[in-house]
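Here is the structure we will look at.
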Amino acid sequence: MARRSVPSDIVPPEKGTLIGEVQIFGLDDDGIQYVIRYDYDGLTDADVSDYVAKLIERGWSGDEYQLYKDVEWNGDLYEAWIEPWYDEGAWSFNCNLFRK
């Protein structure tokens, strides 16, 4: 089952520039596991800290290394976590989703 929209609980950073498009990868044929990846240029460490704080204000738990939350997406409940990481001048945010 193809899912092209991003869960509403995953909001983009307020600063920086999205590199390319948000990528959504299904990891199985049953819609149980997904990875959503979005890469941003122009973010400082402070911008990423602000982004993490914004997600925590929106109900996510965790810290600057990993955030987690149960999210509803296209009628299903998923355990989700976001891991920000810096690589080659840009910040990448990987969100893993596992259907509950």
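Just so we're aligned, residue 936 is where the sequence shown starts under the working numbering, counting upward by one. Note that CB positions come from ideal geometry on N, CA and C, so glycine has one too.
What are the boundary residues of the alpha helix (DSSP H) that includes residue i?
i: Ile991; result: 980 to 992
If residue i sits next to residue j, beta carbons under 8 Å apart, how far is it from one beta carbon to the other, in whole angstroms?
i: Ile1012; j: Lys1035; result: This sequence places Leu at residue 1012; Ile is not what is there. Their Cβ separation, rounded to whole angstroms, is 5 Å, which keeps Leu1012 and Lys1035 in contact under 8 Å.
i: Phe1033; j: Arg972; result: Not a contact, Cβ separation roughly 16 Å.
i: Asp980; j: Ala1025; result: Between Ala1025 and Asp980 the Cβ distance is about 13 Å, and since that is not below 8 Å, they are no contact.
Could you check where the beta strand (DSSP E) with residue i kicks off and where it finishes?
i: Leu962; result: Where Leu962 is concerned, there is no enclosing beta strand (DSSP E), given that its DSSP letter is neither H nor E.
i: Ile971; result: 968 to 976
Looking at the structure shown, is residue i part of a helix, part of a strand, or coil, going by DSSP?
i: Asp944; result: coil
i: Gly951; result: coil
i: Met936; result: Confidence is the limiting factor: at Met936 the pLDDT is only 45, short of 50, which leaves the residue's position unreliable, though a coordinate-based value still follows. Coil, per DSSP.
For residue i, decide whether its Cβ has a neighbour in chain C, counting only Cβ atoms nearer than 8 Å.
i: Gly994; result: In the structure shown, chain C cannot be found, because there is only a single protein chain.
Report the residue ranges of all beta strand (DSSP E) runs contained in full by the region 989 to 1030; include only those spanning at least 3 residues, in chain order. List check, beta strand (DSSP E) in window: 1002 to 1008, 1011 to 1022.
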